[in-house]
Amino acid sequence: IVSNPEFLREGSAIEDFMRPNRVVIGADSEQAVAIMKDLYRPLYLLETPIVVTDIPTAEMIKYASNAFLAVKISFINEIATVCEKVGADVQLVSKGMGLDNRIGNKFLHAGPGFGGSCFPKDLAALVQTGERVGYPFQIAGAAAKVNYEQHLRMVQKVKDACGGVKGKTLGVLGLSFKPNTNDMREAPSLTILSELMKEGAKIRAYDPASMEESMKLLPGMVPCQDTYEVADGADGLIIMTEWNQFRNLDFERLKKAMKEPLLLDLRNTYESDRVVPFGFRHVSVGRPTKNPAA
């Protein structure tokens with residue numbers, strides 16, 4: 068029996084398979100280890116670290132790795148909330164933290180929270196494992212709780228920026244849990260948009276890959292063909308997923324299409340000085356809201 072956990076990022080699976088950070092092999096016999104090492108022999112040429120251990124340890128490496136990344140995301144999202152209260156800029160806080168090699172700059176980007184199939188599942192697995200052995204895994208449980216609450220904070224952020232959303236039209240750019248995939252599993256958009264629609268908002272949305280699946284999950288939305296159709300008559304434009312095509316928007320065109328020039332940048336995709344000169348109010352996560360000059 069062998070446990071050989073994968074560490075593939077969705078949207079980057081081929082790259083991660085060909086050039087992994089490490090290979091973990093958990094086995095119950097020397098013969099099994101030898102077979103697995105032979106399978107991974109091409110990676111020896113790349114000097115890929117190979118960790119050989121027992122099966123329980125291999126499985127725990129997988130769960131612990133994903134849980135730690137989820138904790139980093141929930142941590143920076145809590146920092147972002149405090150930044151908003153004290154007038155700090157979470158982008159610069161993240162940069163300052165990430166320059167410390169002990170911390171690193173990965174997974175320190177404030178936003179609406181994590182989703183997908185891996186992080187929520189592996190956090191839950193650690194919590195359940197702890198319960199099974201009589202130990203309450205508090206950090207994993209807290210990361211999941213903070214993540215859900217972050218979704219709700221984004222709902223409140225949108226409501227506050229719009230002065231309430233009842234009867235308002237909101238354009239949404241991106242629906243999948245991350246760019247370069249159509250995966251809607253545990254996507255922050257599901258909770259955020261469901262709550263906004265409950266509050267009476269009309270949602271117009273566009274995602275380059277996930278429209279078919281998202282319409283099954285959020286049937287109350289109006290599907291659009293592109294960014295600028297989304298903006299037509301909108302009281303606010305939400306960047307929900309940071310697809311590359313949303314990083315160079317034509318703000319003059321957007322302003323002409325929108326009812327109100329309000330950008331709700333839930334992924335901190337833009338610096339305010341790229342947005343405000345076009346007459347937009349720029350609301351982001353963990354940074355001061357910037358308004359156009361009167």
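Taking this note's numbering as reference, the numbering of the sequence shown is continuous, increasing by one, and the terminal residue is 361.
In this text, a Cβ means the ideal position worked out from N, Cα and C, and glycines have one as well.
- Put proline 199 into one of helix, strand or coil per three-state DSSP. The sequence as given places arginine at residue 199; proline does not occur at that position. Helix at arginine 199.
- On the three-state DSSP scale, how would you describe alanine 276? In the three-state reduction of the DSSP assignment, alanine 276 falls in the coil class.
- Taking C-alpha atoms, which residue in Gly287, Gly197, Leu159, Val138 lies nearest to glutamine 217? Comparing alpha carbon positions, the residue from Gly287, Gly197, Leu159, Val138 closest to glutamine 217 is Val138.
- Could you give the distance in angstroms between the alpha-carbon of leucine 260 and the alpha-carbon of valine 225? So the two alpha carbons sit approximately 10 Å from each other.
- Do you know how far the Cα of lysine 283 is from the Cα of histidine 176? Spanning the two alpha carbons is a distance of roughly 29 Å.
- Query: If we ignore side chains and look at the alpha-carbon of each, how far apart do leucine 240 and glutamate 296 end up?
  - Reply: If you take the alpha carbons of leucine 240 and glutamate 296, they lie about 11 Å apart.
- Do arginine 348 and isoleucine 306 have their CB atoms nearer than 8 Å? Going by C-beta atoms, arginine 348 is not nearer than 8 Å to isoleucine 306.
- Query: If we ignore side chains and look at the alpha-carbon of each, how far apart do arginine 314 and threonine 196 end up?
  - Reply: If you take the alpha carbons of arginine 314 and threonine 196, they lie about 41 Å apart.
- Using CA coordinates, which residue listed in Ser96, Asn88, Gln98, Glu97 is at the minimum distance from glutamate 114? Among Ser96, Asn88, Gln98, Glu97, the Cα nearest to that of glutamate 114 is on Asn88.
- Message: So alanine 254 and leucine 242 are supposed to be a Cβ contact under 8 Å. How far apart are they, rounded?
- Response: Taking 8 Å as the upper bound for CB-CB distance, alanine 254 and leucine 242 are in contact here, some 6 Å apart.
- Contained beta strand (DSSP E) runs [length at least 3] in the stretch 218-251, N- to C-terminal order: Counting whole runs of 3 or more residues, the stretch 218-251 contains the beta strand (DSSP E) stretches 236-240.
- Query: Relative to the alpha-carbon of serine 256, which residue among Leu321, Asp227, Asn214, Lys233 has its alpha-carbon at the smallest distance?
  - Reply: When only C-alpha atoms are compared, the closest one is Asn214.
- Task: State buried or exposed for asparagine 311, treating a residue as buried only when at least 16 other CB atoms are found within 10 Å of its CB.
- Result: That one is exposed.
- Could you name the residues of the same chain whose beta carbon sits closer than 6 Å to that of tyrosine 130, not counting the 5 residues immediately before and after it, in chain order? Only Asp189, Ala192, Leu193 meet the Cβ criterion.
- Starting from the N-terminal side, write out each stretch of the alpha helix (DSSP H) that is 4 residues or longer and does not extend beyond the stretch 161-211. As far as the stretch 161-211 is concerned, its whole alpha helix (DSSP H) runs of at least 4 residues are 186-199.
- Message: With three or more beta-carbon pairs closer than 8 Å as the criterion, would you say the stretch 352-359 touches the stretch 321-337?
- Response: The stretch 352-359 makes contact with the stretch 321-337, as at least three CB pairs between them are under 8 Å.
- Message: Going by DSSP in three states, isoleucine 68 sits in which element: helix, strand or coil?
- Response: It is coil, neither helix nor strand.
- Top-ranked residue by Cα proximity to aspartate 227, from Asp302, Lys173, Ala276, Val289: Nearest of Asp302, Lys173, Ala276, Val289 to aspartate 227, Cα basis: Asp302.
- Of all the options Thr308, Pro72, Lys323, Lys265, which has the alpha carbon lying nearest to the alpha carbon of isoleucine 128? The option with the nearest alpha carbon to isoleucine 128 is Pro72.
- Message: Would arginine 252 and glycine 178 be called neighbours here (beta carbons separated by less than 8 Å)?
- Response: When the beta-carbon positions are compared, arginine 252 and glycine 178 stay at least 8 Å from each other.
- Message: Among the candidates Ser141, Gly267, Leu106, whose CA atom is the shortest distance from the CA of glycine 287?
- Response: If we check each option's Cα against that of glycine 287, Gly267 comes out closest.
- When burial is assigned at 16 or more other CB atoms within 10 Å of the CB, is aspartate 340 buried or exposed? Exposed, by the Cβ-count rule.
- In terms of residues, what are the limits of the beta strand (DSSP E) holding threonine 120? Start and end: 117-120.
- Item | Alpha-carbon spacing of lysine 245 relative to phenylalanine 174, whole angstroms | C-alpha separation (whole angstroms): 13 Å.
- Through-space distance from methionine 103 to lysine 162, alpha-carbon basis: Rounded to whole angstroms, the separation of the alpha carbons of methionine 103 and lysine 162 is 40 Å.
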